[in-house]
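Per this note's numbering, residue 1 is the first one in the sequence shown, and the count goes up by one each step. Only one structure is covered here, and it is reproduced in the block below.
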Amino acid sequence: MNLSSHIKQIEVKAPRDLGPIGLSYQFFGQDPKTHPVVMVNHALTGDAQVTGPEGWWNRFVGPNKTINTERFAIISFNIPGNGVLNSQLANYSDFHTGDIAHIFWEGLQNLGIEKLFALIGGSIGGCIGWEFMAKFGDCVERFIPVATDWKASDWLIANTYLQDQILKNSSNPVHDARLHAMLCYRSPQSFADRFLRTFNEEENLFNVETWLRHHGEKLRKRFSTHSYLVVNHLLRSVNTERSGRPLEEIFSNSSTQFYLVGIDTDLFFIPSEIKETYEKLKTAGVAISYLEIQSPHGHDAFLIEYQQMEHLLKPIFQIK
1 MNLSSHIKQI EVKAPRDLGP IGLSYQFFGQ DPKTHPVVMV NHALTGDAQV
51 TGPEGWWNRF VGPNKTINTE RFAIISFNIP GNGVLNSQLA NYSDFHTGDI
101 AHIFWEGLQN LGIEKLFALI GGSIGGCIGW EFMAKFGDCV ERFIPVATDW
151 KASDWLIANT YLQDQILKNS SNPVHDARLH AMLCYRSPQS FADRFLRTFN
201 EEENLFNVET WLRHHGEKLR KRFSTHSYLV VNHLLRSVNT ERSGRPLEEI
251 FSNSSTQFYL VGIDTDLFFI PSEIKETYEK LKTAGVAISY LEIQSPHGHD
301 AFLIEYQQME HLLKPIFQIK
């Protein structure tokens, strides 16, 4: 049975008396009542359209892909306020990623999903995944946070602060914030290999500048300033230890298999911090593995290095 992949919406209760929230989602693949369920959390400017012609991860999720829509029921929720179906989050500063994790859990309960074969998310999607695991991890068999961590580091907070200032003060906020963000998502080596200091005579700009402008304009056409402010705020809010319990204590009795995926050139969620998380949880007795993508492309490598992603993660998604 192939379920419709069009966007649906339900109303769920937000935690901490934050009121009811409209939560939109998409299903792909098989019937969740009869097949194992994979939840995919989208990245910062992504959405629930993880596969199909417009899918942002369609080389990784789809028929006979690593996350195989012929074998799995796949669900993805839109982060509230990301603009899909004109969603707004007027009081967004009152929310944190733990609240979004709770909202996703309410969504699963509403849809009758009690167990996840896997929970996977990249960047902010993985941040929400960490917070989900801290509260509702008993329902997850495999957790795969990609290019992410359980906390907002000082470096991440600094960059999201700069993003916030650009969004609030620029005359072209989404475009200009995206220019800066692309420097976080790639690496100096990636730029050097791609552009070779070449100059575009027609535009009277270096090619790296025209590339940045292209990405700024592309996002400006599909993303609102409000949505960018929402997800940027949420990104800086991640803190899986917000309850006061240390990470090792939170997960010491977890039955979930953890697969942490770092990127050797990531300037946003640096691999040394992900490795530190791995060591902490390994010492606490958690069933955990650390996997690493080798790439010049920096943080965005999980959206580029599909062969490596398949090699590293396909064994995790094998079912008998």
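Every residue gets a Cβ at the ideal spot worked out from N, C-alpha and C, and that includes glycine. Source: prediction; values computed, not measured.
Taking the Cβ atoms as the reference, V40 lies roughly 6 Å from I120, within the contact range of under 8 Å. Where R220 is concerned, there is no enclosing beta strand (DSSP E), although the alpha helix (DSSP H) around it starts and stops at 207-220. Non-local beta-carbon contacts of F95 in its own chain, meaning distances under 6 Å to residues more than five positions away in sequence, are absent. S76 is bridged by DSSP to Q26. Every alpha helix (DSSP H) stretch that sits fully inside the region 218-247 and reaches 4 residues is listed by chain position as 225-237. Contact check for I288 and R142: beta-carbon distance about 11 Å, past the 8 Å limit, so the pair fails to qualify. Under the rule that a run must span 4 or more residues, the alpha helix (DSSP H) segments found entirely inside the region 30-114 read 97-110. For L162, the secondary structure class from DSSP, reduced to helix, strand or coil, is helix.
Distance from Y259 to I74 at the Cβ level is roughly 17 Å; contact not present, criterion being Cβ atoms closer than 8 Å.
Judged by DSSP secondary structure, A118 falls within the beta strand (DSSP E) whose first and last residues are 118-122. Beta-carbon to beta-carbon, L44 and I103 are separated by about 17 Å, too far to satisfy the 8 Å threshold. S187 and F251 have their C-alpha atoms some 33 Å from each other. Burial state of Y185 is buried, judged by a 10 Å Cβ sphere holding 16 or more other Cβ atoms.
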